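Colleague: I am attaching a structure below and will ask some questions about it afterwards.
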Amino acid sequence: DPGVNCLLMPPKSAPAKAPAAAAAPPAAPAADKSKAAATKAQPAAAAAAAKSKPVKVDEIKQGSNVLDAILRPKMAAEGLRSSDGVPDMTHISDIDVAGINENLRVRFTRDEIYTYSGTILVAVNPYKFLPIYENDNVGKYKDKKMGEMPPHIFATAEAAYRNVQTSDLNQSCVISGESGAGKTETTKFILQYLCAVTSSLTKWVEQQIIEANVILEAFGNARTVRNDNS
């Protein structure tokens, strides 16, 4: 079948037939018997060593390349690389831990701190102010599907808000990261967006919701060497 890729292995050679039993030779001295046993053990040890021969790294790489060509032809055709700073890492043809770090680093140097990995938003703390959270940016992401605009926490908040309206079901945003990664600020940005797109709320109510996060944060938080926020 031309649509199926296979790895063909050479056929195994048929084992040689054992010779017919010959007449038993006369009994040998004890020293000759031990010498004969050692001679028989040498071929067995050589066969065991041949079976336990490690696979070469080149053979492993060759097999991995074949699997990549079979399983990911579309992604390989796109040719997106981590060194390009791709906004969605699922579009990178060959991705690993090093590629993820490189892609995030390239985008970080361009002050693009948000990167998608499918529907997951990866945020890198810039440790400086970036003018990307003003009301003008809120309007850009309103009523937009995730992926139509550059990666942003407002896009995630918009997706959750729209799902509440269309499905009438509660939504959850899981914000995880190590100490000092920016979880608290990310929560504030989500609340800021939700308050901004909900026109029925007054400015006073919006401010109360955002400031309530400080009280919620006091429960369950511990002081760390990177963050003294409890």
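With my numbering, the residue at position 91 of the sequence shown is 81, and numbering never jumps. All C-beta atoms, glycine included, are put in the ideal place defined by N, C-alpha and C. As the structure is a computational prediction, the values presented were derived from the model and not from experiment.
#1: Taking 8 Å as the cut-off, decide whether the C-beta atoms of Lys130 and Met136 are in contact.
#2: Round the Cβ separation of Phe144 and Val164 to the nearest angstrom and send it over; I've been treating them as touching at under 8 Å.
#3: Per DSSP, which residues does Asp78 bridge with? Please list them.
#4: Just to confirm, are Glu92 and Ser73 a CB contact at a threshold of 8 Å?
#5: At which residues does the alpha helix (DSSP H) containing Asp158 begin and terminate?
#6: Quick one: grab the DSSP three-state call for Ala208.
#7: If I'm right that Asn203 touches Thr177 with Cβ under 8 Å, what's the distance once you round it to whole angstroms?
#8: So what's Val114 in DSSP terms, helix, strand or just coil?
#9: Taking DSSP as the reference, what is the three-state secondary structure of Lys178?
#10: Decide if Arg97 is buried, meaning its Cβ has at least 16 other Cβ atoms within 10 Å, or exposed.
#11: For my contact list, Val283 and Tyr151 are in at a C-beta cut-off of 8 Å; report their separation, rounded to the angstrom.
#12: Is it buried or exposed for Val76, if we count other Cβ within 10 angstroms and need 16 for buried?
#13: Over the uninterrupted alpha helix (DSSP H) stretch that includes Ala88, give me the two end residues.
#14: Between the alpha carbons of Thr156 and Leu184, how many angstroms are there, rounded?
#15: Just to confirm my understanding: we take Leu70, look at its own chain, exclude 5 residues before and 5 after, and list those with CB closer than 7 Å. What are they?
#16: So which of Ile205, Ile199 and Gln182 has the shortest CA-CA distance to Lys132?
#17: Quick check on Pro141: does DSSP put it in helix, strand or coil?
#18: If you reduce the DSSP assignment to three classes, tell me which class Glu201 lands in.
#19: How big is the Cα-Cα spacing for Asp126 and Asn160?
#20: Just curious, the alpha helix (DSSP H) that Glu128 is in, first and last residue?
Modeller: Reading it off the structure:
#1: Result no, Cβ atoms of Lys130 and Met136 do not sit closer than 8 Å.
#2: Incorrect: roughly 17 Å between the Cβ atoms, too far for contact.
#3: Under DSSP, Asp78 takes part in a beta bridge, and its partners are Tyr106.
#4: The answer is yes: Cβ separation under 8 Å.
#5: For Asp158, no alpha helix (DSSP H) segment is defined, and its DSSP state is neither H nor E.
#6: It is coil, neither helix nor strand.
#7: About 6 Å; that satisfies the 8 Å criterion.
#8: Coil.
#9: Reduced to three states, the DSSP call for Lys178 is helix.
#10: With 16 or more Cβ atoms within 10 Å of its Cβ, Arg97 is classed as buried.
#11: Residue coverage of the chain in this structure runs from -9 to 220, which leaves residue 283 outside it and unanswerable.
#12: Around the beta carbon of Val76, a 10 Å sphere encloses 16 or more other beta carbons of the protein chains shown; the residue is thus reported as buried.
#13: Annotation for Ala88: the continuous alpha helix (DSSP H) segment containing it runs Val87 to Thr99.
#14: Going by the C-alpha atoms only, they are around 16 Å apart.
#15: Here the set comprises Val76, His81, Ile82 and Ser83.
#16: Cα-wise, what sits closest to Lys132 is Gln182.
#17: In the three-state scheme derived from DSSP, where H, G and I count as helix and E and B as strand, Pro141 is classed as coil.
#18: Here Glu201 sits in helix by DSSP.
#19: Their Cα atoms are separated by approximately 27 Å.
#20: The question names Glu, but residue 128 is Val in the sequence shown. Following the DSSP letters along the chain, one finds Val128 inside the alpha helix (DSSP H) bounded by residues Asn125 to Tyr131.
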